[in-house]
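S.K.: Please find one structure pasted underneath; my questions will follow.
Residue numbers (this note's numbering), protein chains in the order written: chain P, 29 to 311; chain W, 1181 to 1485.
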């Protein structure tokens, strides 16, 4: 997709804009703790182009969620800066929707009302109540939950809750979709099912996605690029792998695919040979 | 809990385990189980017998407790001639409740009027306390500066016995009635204020992150997130407050006089009608119990999980 844009004769400026849709420049995060300053992240440089699917992978405590929170605007960088569509990220905003790890649905609202809360915030100023309702319903339909619109979160399963969380984020039509281990709390079968659904949804919406994961297969299956992070403290980007597998991707066919295996091995090698949890290799 | 959520009785295909929860709740809400009798009469008969035994066992313990209380009371009355036993007290109750709403002048009214007068004072004092305490609790919980500012003041004033405020009330409001309400106000404000503030501080960070990502306005945050999340805490505060208010009203009325269940106790002490004092104690207990039960039901109505 990026290649196509670059060869577009009249679209050089637009190409540059779309290639640098999300920019993280020399970002670092230092937390103040009781034992003095703690360097969580340092020297993070990352460019995400429009419509790209990027996963952040690394061992727990490597700061991948911190990096995602920087992009979300929930945390501020101590050094460096972040841009989204050429505008500096100064705080959280609905154009960078977040799917939280534990779904974070409000238990006193139905699924529809949860989605509607987000839709009203983004489109409430210019659209009628009816249009907003239609948007929320369409988002829930997209994740296959038309039958559960009036259910409360505690009445549906964990996988369905996570789907409502995704619907809420998608309904906002965000510039960037940020996902923090969205399937981490689900069982393997539900997870696979939701990954496939996400692939389909992303194929239709063309969203730009940054996703945090600790699952190598998930990363290879979903991403255009895998950002592998070194261990904390003072974690940074260790290596970036391009995933050049054609789309649409089929998990069963890929299980036999030599390129898939090679990519998988590359990520595994990074995680378990060069940056294994036990040996803290960070300088 | 599940009756509140009122699930549509449509079997969910994918999530059988989750769908079974509300269904079970509905089944449990129906006390008798005669519907499945034709399916398996033996099982259902034994189930019914077990249910009946369980009900008897559940009733037996509280009845035994009350019987023991009456027995101890009777024994004390036997040993001490000045304390009337359950019998004379029952007689006093029959007399008092045969005409609960008589009115012979401002200071001689039926027991019904006495209870209503006391409840009225509690309601006024408690209502004012809720009006001030709950919004203040939200503000203190939301802004840590306000919390740090008010916390020494609250810590200082909260342990003070409510009756210590009564003279101040008499001085400022120049009336016994207003002073009693003032005392209720000052004693019942703390649990509501503190519970609300704690509730606001304990709203899960996830919910607040949702608010931050959506950039919700302060008003939306309050109506859509803070208020529903804090409601269970708030209801606990209300329950504690009403309990305290009902405790305090008796003492306050003893000191201020007028019509009311508390002053009645004092009045009957002066008349040396001890059976009426014992009756008053029971009535105060029963009214307190009913208040508590009503608020528990209300709290359950507002619980979202």
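Virtual Cβ for every residue (Gly too), placed ideally from N, Cα, C.
1. Please identify, using Cβ separations under 7 Å, the residues of the stretch 1389-1409 of chain W that lie next to chain P, in order along the chain.
2. So with Cβ pairs under 7 Å, would you call residue 147 of chain P a contact of chain W?
3. Please tell me whether residue 91 of chain P has its Cβ less than 7 Å away from any Cβ of chain W.
4. Give the DSSP-derived three-state secondary structure of residue 272 of chain P in the structure shown.
5. Just the C-alpha distance for residue 1141 of chain W and residue 1426 of chain W, rounded to the nearest angstrom, thanks.
6. Can you tell me where the beta strand (DSSP E) holding residue 1280 of chain W begins and where it ends?
7. Tell me whether residue 1442 of chain W sits in a helix, a strand or coil according to DSSP, three-state version.
8. Just mark residue 1466 of chain W as buried or exposed, buried being the case when its beta carbon has 16 or more other beta carbons within 10 Å.
9. State yes or no: is the beta carbon of residue 132 of chain P nearer than 7 Å to at least one beta carbon in chain W?
10. For residue 234 of chain P, which option in P:54, P:102, P:77 and P:73 has the closest C-alpha, if you only look at C-alpha atoms?
11. For residue 1418 of chain W and residue 245 of chain P, I'd like the C-alpha separation in whole angstroms.
12. Note down, in chain order, all residues in the stretch 1362-1393 of chain W with a beta-carbon under 7 Å from any beta-carbon belonging to chain P.
13. Go to residue 254 of chain P, then tell me how far its beta strand (DSSP E) extends in each direction, as first and last residue.
14. How many Å lie between residue 265 of chain P and residue 118 of chain P at the Cα?
15. So residue 195 of chain P and residue 173 of chain P are supposed to be a Cβ contact under 8 Å. How far apart are they, rounded?
16. Counting only runs that start and end within the stretch 47-110 of chain P, where is the beta strand (DSSP E) found for 3 or more residues in a row?
17. In its own chain, which residues sit with a C-beta less than 7 Å from the C-beta of residue 1442 of chain W, not counting the 5 before and 5 after it?
18. Could you check the C-alpha separation between residue 1345 of chain W and residue 60 of chain P for me, to the nearest Å?
19. Go through the stretch 1334-1399 of chain W residue by residue and report every complete run of the alpha helix (DSSP H) that reaches 4 residues or more, in order.
20. Spatial neighbours of residue 189 of chain P within its chain, please: C-beta separation below 8 Å, excluding the five flanking residues on both sides.
21. Less than 7 Å between CB atoms is the rule here; does residue 57 of chain P satisfy it with respect to chain W?
22. Can you name, in chain order, every residue of its own chain whose Cβ lies under 7 Å from the Cβ of residue 53 of chain P, other than the five neighbours on each side?
23. Note down, in chain order, all residues in the stretch 95-106 of chain P with a beta-carbon under 7 Å from any beta-carbon belonging to chain W.
24. Taking the straight line between their C-alpha atoms, what separation do you get for residue 1480 of chain W and residue 1341 of chain W?
25. Taking a cut of 9 Å between CB atoms, which residues from the stretch 115-126 of chain P lie near chain W?
26. Which residues in chain W have a C-beta closer than 8 Å to the C-beta of residue 128 of chain P? List them in chain order.
27. Please give me, in chain order, every unbroken run of the alpha helix (DSSP H) with length at least 4 that falls completely inside the stretch 1453-1478 of chain W.
28. Assuming residue 1326 of chain W and residue 1376 of chain W are in contact, meaning their beta carbons sit under 8 Å apart, how far apart are those beta carbons, in whole angstroms?
29. Assuming the contact rule is C-beta atoms closer than 8 Å, residue 81 of chain P and residue 250 of chain P should be a hit. Round their C-beta distance to whole Å, please.
30. Residue 1270 of chain W: buried (16+ other C-beta within 10 angstroms of its C-beta) or exposed?
31. For the pair the stretch 273-284 of chain P and the stretch 96-116 of chain P, tell me if three or more CB-CB distances fall below 8 Å.
32. Would you report the Cα separation of residue 170 of chain P and residue 1392 of chain W, rounded to the nearest angstrom?
33. Assess contact between the stretch 39-49 of chain P and the stretch 60-71 of chain P, defined as three or more Cβ pairs (one per stretch) separated by less than 8 Å. Is contact present?
34. Let me know if residue 290 of chain P comes out buried or exposed under the rule of 16 or more other beta-carbons within 10 Å of its beta-carbon.
35. Rank P:88, P:46 and P:99 by C-alpha distance to the C-alpha of residue 314 of chain P and give the top, closest one.
36. For residue 208 of chain P, which residues does DSSP report across the bridge?
M.R.: Let me lay it out:
1. 1389, 1390, 1392, 1393, 1394, 1395, 1396, 1404, 1405 and 1408
2. no
3. no
4. coil
5. Residue 1141 of chain W cannot be examined here, being either before or after the span of chain W that is shown, 1181 to 1485.
6. Careful: residue 1280 of chain W lies outside any beta strand (DSSP E) and carries neither H nor E.
7. helix
8. exposed
9. yes
10. P:77
11. 52 Å
12. 1386, 1387, 1389, 1390, 1392 and 1393
13. 253-257
14. 22 Å
15. 7 Å
16. 50-61, 64-76 and 81-85
17. 1298, 1429, 1430, 1431, 1432, 1433 and 1434
18. 46 Å
19. 1346-1353, 1356-1381 and 1385-1394
20. 131, 133 and 181
21. no
22. 73, 108 and 109
23. 100 and 102
24. 31 Å
25. 119, 120, 121, 122, 124, 125 and 126
26. 1386, 1389 and 1390
27. none
28. With 8 Å as the limit, residue 1326 of chain W and residue 1376 of chain W do not qualify as a contact, their Cβ atoms being about 13 Å apart.
29. 6 Å
30. exposed
31. no
32. 25 Å
33. no
34. exposed
35. This structure cannot speak to residue 314 of chain P, because chain P is shown only from 29 to 311.
36. P:240
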